[in-house]
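The listed protein sequences correspond, in order, to chains A, B, C and D. For the first sequence, counting from 1, position 231 maps to 231 in my numbering; every step adds exactly one. For the second sequence, counting from 1, position 305 maps to 305 in my numbering; every step adds exactly one. For the third sequence, counting from 1, position 53 maps to 53 in my numbering; every step adds exactly one. For the fourth sequence, counting from 1, position 249 maps to 249 in my numbering; every step adds exactly one. The C-beta atom is built at its ideal place from N, Cα and C for all residues, glycine as well. It should be emphasised that the depicted structure is a prediction, and the values quoted were computed from it without experimental measurement.
There are 4 protein chains.
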Amino acid sequence: MKKLNIALVGCGFMGRTHSNAFRKVTNFFDTPYQPVLKRICARNGEKAKTFADRWGFESVETDWRKLIDDKDVDLIDIASPNDTHAEIAIAAAKAGKMVMCEKPLGRNPTESEAMVKAVEDAKVANMVWYNYRRVPAVTLAKQLIDEGRLGRIFHYRTVFLQDWTISSDLPQGGEGLWRLDASIAGSGVTGDLLAHNIDTALWLNGGIEEVTAMTETFIKTRKHSLTGKEEPVKIDDASAFLARFKNGSLATFEATRYARGHKALYTFEINGEKASIIWDLHDLHRLQYFDHNDVSKLRGWRSIHVTDTEHPYMKHWWVPGLQIGYEHTFIHQVADFLTDLGGGKSASPTFREALATDYVTAAVLESAASKTWVKVR
Amino acid sequence: MKKLNIALVGCGFMGRTHSNAFRKVTNFFDTPYQPVLKRICARNGEKAKTFADRWGFESVETDWRKLIDDKDVDLIDIASPNDTHAEIAIAAAKAGKMVMCEKPLGRNPTESEAMVKAVEDAKVANMVWYNYRRVPAVTLAKQLIDEGRLGRIFHYRTVFLQDWTISSDLPQGGEGLWRLDASIAGSGVTGDLLAHNIDTALWLNGGIEEVTAMTETFIKTRKHSLTGKEEPVKIDDASAFLARFKNGSLATFEATRYARGHKALYTFEINGEKASIIWDLHDLHRLQYFDHNDVSKLRGWRSIHVTDTEHPYMKHWWVPGLQIGYEHTFIHQVADFLTDLGGGKSASPTFREALATDYVTAAVLESAASKTWVKVR
Amino acid sequence: MKKLNIALVGCGFMGRTHSNAFRKVTNFFDTPYQPVLKRICARNGEKAKTFADRWGFESVETDWRKLIDDKDVDLIDIASPNDTHAEIAIAAAKAGKMVMCEKPLGRNPTESEAMVKAVEDAKVANMVWYNYRRVPAVTLAKQLIDEGRLGRIFHYRTVFLQDWTISSDLPQGGEGLWRLDASIAGSGVTGDLLAHNIDTALWLNGGIEEVTAMTETFIKTRKHSLTGKEEPVKIDDASAFLARFKNGSLATFEATRYARGHKALYTFEINGEKASIIWDLHDLHRLQYFDHNDVSKLRGWRSIHVTDTEHPYMKHWWVPGLQIGYEHTFIHQVADFLTDLGGGKSASPTFREALATDYVTAAVLESAASKTWVKVR
Amino acid sequence: MKKLNIALVGCGFMGRTHSNAFRKVTNFFDTPYQPVLKRICARNGEKAKTFADRWGFESVETDWRKLIDDKDVDLIDIASPNDTHAEIAIAAAKAGKMVMCEKPLGRNPTESEAMVKAVEDAKVANMVWYNYRRVPAVTLAKQLIDEGRLGRIFHYRTVFLQDWTISSDLPQGGEGLWRLDASIAGSGVTGDLLAHNIDTALWLNGGIEEVTAMTETFIKTRKHSLTGKEEPVKIDDASAFLARFKNGSLATFEATRYARGHKALYTFEINGEKASIIWDLHDLHRLQYFDHNDVSKLRGWRSIHVTDTEHPYMKHWWVPGLQIGYEHTFIHQVADFLTDLGGGKSASPTFREALATDYVTAAVLESAASKTWVKVR
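Spelled out as structure tokens, the structure:
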């Protein structure tokens, strides 16, 4: 098995999910490459060192630029805050490195387009970590759609509900809180949460034609943890939009961090002429499925426990009935990346595919600002 | 439509469910007879009068013996406490009246056998109110079994869980509490709750061969509301048994009034070679169904919302999606009784059929006392 | 108890639910008035006669105008198609009759305003049958909000999903299908289904400021059952909108008859600072409740089985754990109407209150047509 | 961090779960020891080699006896079939090695007692892999009980339902099927599945006094994959028992491999005077909790999503709302073992604690054979 030397930038929450995935993938999957945890990079050297010890990275960097010319690095994986994505990715691509990037791609389509251009010009393998496509139940949903089991699609309905920013005492910015700082994050829930809903939707249901949106910032000012001052909150706390897909179906999208009682309730429902499906991140190992072809008196929503050998990815894990969790979606993504790399291509979603999501989030923000329907680029 | 003159004995909880059923049945069902609420009988004349006014009974009696020779009474319906069932039913049958009786039939098989003999000798229509058979979802379960959809049955699993007697302050006996007085009730949860589980089980899964049981009285003494004294509690607070059915399947049965959090959680599950079903009184309008014949990657428990026109009894009610409730099971039972009466027969369960349940409860109580396996008569 | 003579117009689905409610209410509730089923009116005399026999109406009319001057009629209840509401209600009010009207009030605000004026000028008791307010779980939701348990409201989220018009073979218009004929119904799902969502929302969460909407007609032509010809479908098959409430909360609303797998999935969710609630018509006897005040490690969505004596309306029914169904919401509405009538006022929602819903549906249809945000009147 | 050299015997399903746990534990937990995957041992050298490559074991053995005197081995972990447990464990203990053993401990109490004696005589750290105690939701259940939140316990109710042996075509014995061969497994579902139910129950609810049981072998003969002949099946396919706990509570236990529709439905429910809990392996990240102390109109079963920082083990994983899965229970068990080892003691359940489970399973099998109540040793 060939080695694939990884340099990871960022050792926060996403740094952990990626490290775990790289470290674990070959215990369960047969892939043409074996990832090697070569470098970990973070501005805070102390933190990077601790992280390296825990995960077994061979060495530590505090300046990502050092990785660019590092001969021992094959792939740069970006898990640092959104404002660093474009610069690192473009530099890495220019240096001929493969690039993986946490979602969203850039903070806006301008950044994202430049990133796409860079990887395509350089012809390097690239991928964006929209991990939820690799939940087995979501991949199964994709299979059912591709098999034509749903028929013509009428409706797509999706939310991403959290409640972690309801307290007005929560500061903005700083360690672990950069998602509340618009200058770093780009936007609030639109780029952070809705981006997931949109990526999955585009994958499952095709392109979006146009949107009408509204956003809201419920708590207008928060103390900034870097300046120590009460400052205006510039991100969107909540974002919702109506959409028309190119296939004629209608959709509602909504994300918020003010839905008391929900930690990470990412759900979607698709209603087709012949069948419907529902999925829910809080019980990610299940898919709800309603099939109109069933004998009429026995029709009902089926709760499919997506743990059987025949289900996507599941033959690599345990035995039927035993569920996997959140972290496994990243492992599947790495497994697919390595397999596709062996086949000479980039795993989906590539930078170009992820750019489509950024066009939608941009249209959403524009619509919310202008209070008009906006066509998606 | 012919009139059928009803005399109802008892105006407690069951008196209300029966009155409602008689009064409402022909608004929804086409039956060969129209029940007429002719007489209401209760020892407390005042209470009977109030009840008659509310429900439209034509007149009131305080001694049930008066009903026996009443020419204007076609059918005597017994909804008074268990200790009155045998005497009233036997007298009524001897006088040639049709008889309906709340469950359980008698307090013990001796009483019940005499009741069966009386109605059979007199050749009068008779029925016992095991209403849960007429929950549409339960009737649907029966259809599925009769259609062979489950195949060979391996397991039957059923509970009836309540929590209303946990407080030691609750007195025994007296108004609304006769179910805690063994001399009136015959037994505790075995005759009150398990009788329902058993009736349904015999109907769905055939006869029971033998049982091993345990019972318990958690609170040993309670104030008796008639004597005002603290007296030993003689009923069983909880009762559980293992059983072997004649068809080779194994079963567990359990009932209690000490299951905190459950008000009336009557559930059953049946596992067959080809399919399984689950039902639950707390959501009585649903049936869970698992079909092994489904495409394997799409197998899952279906939650059937039993409100479609094709579902048992449902075309008589509203439109698909709109649920009915507890009271409707009694209406269905009356509708079936009237229809069968028009066809010259007694609706199920007849006294004889209900006697089979009493044989099981008797075996359960005997097994619990003797700590041995007991064959069911 | 005083008699209240009812004349019912219409003997379809709603005619049945109303008749059942009038007939049954005093068996369970103590009210100052006893409804009497005096007249049933339908254009088809044969059908009306059959209906009268089934429900015990004293006599039959085929022209509603006859009811207007009928001295023996106290109240006219309108359960006929939407295009008849205004004319009948206005005539009835002018004649000094009390008026009940099925929802929606008129086909548009112009009709509805005239109806409001008529009942207010005549000072007659009036009510619109938005029955879902009287589901015990929904009334409980109202209590929780009024008690301040939710705190500041951030989000309201509601859908009404059906699937009964997906087949293109279904004709429009005619018996049982007037809801597909825009000239009779006024609109499609906006007036038929969303009106329910809106009425409940206004009641629970106050007024709506503005909306942006989209509607769709998926099947463009259908055979008209009266003309026998394929004709354009003019109703909206699906309708969705975003809204801002006066209290600052954001909302999504959606209704459709193209959501495969759902018969009558009316749901709402409200997210407050301190607590959240979810309700679902498919299990109408439950309320989901999340309370942030719970000990943190024990927080979870509670599934409240709304069948306890303390729950709204439930002490009138059976015992804890035993559910009621759809029809009971109408009985509650009559019980409240009669009680309020005894107190000299009209039960909520009055015609005036129901007009507020029509203003929202009008804004929704206008927004969908103009593709702009529209302020609600 | 000190190294702890592991020799693992067995490279089947359990070999994988253990290897994963050893390999991953220090990425997430701070422990005083770092497990090192030193030796893998399996009779089939080819298979062992492949396994070693996949998991990173340093070397391979085909005879477990070689491990006993291996100076570089600190701990022997037994994940081979049940018939090998006693011999290996006793030899390992005598050689002064720490010992971990898959459940059940031995095939019968005689074997198990010898194993307990061996580790206690040798004073070596020891542990049995009853992994379900370390599901965060189950550990939370233990906390709630220990905090007295349930009060006096009335009922314990538990099942373990599978459906993988329903087909009569399935052979017995041989690769992956030794659980169907009584000479290797010791018993059928009693030792394989009920042992889990019992271990958890003893931990949560204390000792069991006595039991009455029944077992069944539904398919009497199966082809043996080693002999190629149709041979009698000697294991129990299903096993159920009633029990009385020392604390006065009543219990029902049931396990089967013939419950169509269930892959690994291990559930338990505990009813206390003040609160009740329910857990289910199919959604292992949730705990259902009913608290009678809640305001009465707001009482309901809470579905606790056990993914918060405050929940057992969860601060080591991701962020609230993101579930973990089956494999993590083994990681928790290793983490606890290493921590306790640092504190000079054996993590629970030790061999002695696991012996208590074997006494119950022995009583169950004896009761089923004798058809009498049997006291548990």
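Distance between residue j and residue i (C-alpha atoms, nearest Å)
| i | j | result |
| --- | --- | --- |
| D/ASN197 | B/HIS196 | 28 Å |
| D/ASP77 | D/MET98 | 8 Å |
| A/SER59 | A/LYS66 | 12 Å |
| B/PRO349 | D/ASP163 | 34 Å |
| D/LYS107 | B/ILE153 | Before going further, note that residue 107 of chain D is Arg rather than Lys in the sequence given. Spanning the two alpha carbons is a distance of roughly 30 Å. |
| D/LEU180 | D/ILE68 | 30 Å |
| A/SER370 | C/LYS297 | 43 Å |
| D/ASP382 | B/LYS345 | Because residue 382 of chain D is not part of the residues shown, which for chain D are 1 to 377, the question remains open. |
| B/ASN126 | C/THR62 | 44 Å |
| A/TYR359 | C/ALA251 | 24 Å |
| D/GLU111 | B/LEU242 | 30 Å |
| A/THR165 | A/ARG257 | 6 Å |
| D/LEU202 | D/LYS246 | 10 Å |
| A/ASP294 | B/ASN293 | 11 Å |
| B/PRO35 | C/ASP53 | 15 Å |
| C/GLY383 | C/ALA79 | The shown model of chain C, from 1 to 377, leaves out residue 383 of chain C, and the question about it has no answer. |
| C/LEU284 | C/GLY325 | 7 Å |
| C/LEU144 | C/LEU150 | 7 Å |
| B/PHE351 | B/THR217 | 30 Å |
Buried/exposed call for residue i, threshold 16 Cβ in 10 Å
| i | result |
| --- | --- |
| A/VAL73 | buried |
| C/MET1 | exposed |
| A/LYS71 | exposed |
| C/GLY321 | buried |
| C/ARG157 | buried |
| B/LYS103 | buried |
| B/GLY248 | exposed |
| A/GLU230 | exposed |
| B/THR227 | exposed |
| C/LYS24 | buried |
Minimum Cβ-Cβ distance from residue i to chain F less than 8 Å
| i | result |
| --- | --- |
| A/HIS316 | Annotation note: the requested chain F is absent from the structure, which comprises protein chains A, B, C and D. |
| query | Given a limit of 7 Å on CB to CB distance, which residues of the region 41-56 of chain C reach chain A? | reply | none
| request: Would you list, in chain order, the members of the region 122-133 of chain C that have their beta-carbon closer than 9 Å to a beta-carbon of chain A? | output: none
| message | When you compare the region 209-217 of chain D with the region 267-277 of chain D, are there three or more beta-carbon pairs, one atom per stretch, that lie closer than 8 Å? | response | no
| task | State whether the region 97-115 of chain C contacts the region 310-324 of chain C, with contact taken as three or more CB pairs (one from each stretch) at a distance under 8 Å. | result | no
| request: Scan the region 294-313 of chain D for residues whose Cβ lies nearer than 8 Å to a Cβ of chain C and list them as they occur along the chain. | output: ASP294, SER296, LYS297, LEU298, ARG299, GLY300, TRP301, ARG302, SER303, ILE304, HIS305, ASP308, GLU310 and HIS311
| Any residues in the region 246-272 of chain A with a beta carbon nearer than 7 Å to a beta carbon of chain D? Which ones, in chain order? | LYS263 and ALA264
| Under 8 Å (Cβ pairs) to chain D, residues found in the region 196-223 of chain B | THR212, ALA213, MET214, GLU216 and PHE218
| request: Anything in the region 318-335 of chain A with a Cβ closer than 8 Å to a Cβ of chain D? List those residues in chain order, please. | output: TRP318, VAL319, PRO320, GLY321, LEU322, GLN323, ILE324, GLY325, TYR326, GLU327 and HIS328
| task | Would you mind listing the beta strand (DSSP E) stretches within the region 185-261 of chain D that are 3+ residues and don't spill past its ends, in chain order? | result | 208-216, 221-223, 230-232, 238-245 and 250-256
| field | Proximal residues, the region 273-285 of chain C versus chain B, C-beta separation under 8 Å | value | LEU281, HIS282, ASP283, LEU284 and HIS285
| Would you call the region 329-339 of chain B and the region 338-348 of chain C in contact, with 3 or more CB pairs under 8 Å? | no
| query | Closer than 8 Å, Cβ to any Cβ of chain B: which residues of the region 22-43 of chain C, in chain order? | reply | ARG23, LYS24, THR26 and ASN27
| request: Entirely within the region 80-139 of chain D and at least 4 residues each: give me those alpha helix (DSSP H) ranges in chain order. | output: 85-94 and 109-122
| Whole runs of the alpha helix (DSSP H) within the region 330-372 of chain D, excluding any shorter than 4 residues | 351-370
| For the 8 Å Cβ check, are there 3 or more pairs between the region 300-313 of chain B and the region 302-310 of chain C? | no
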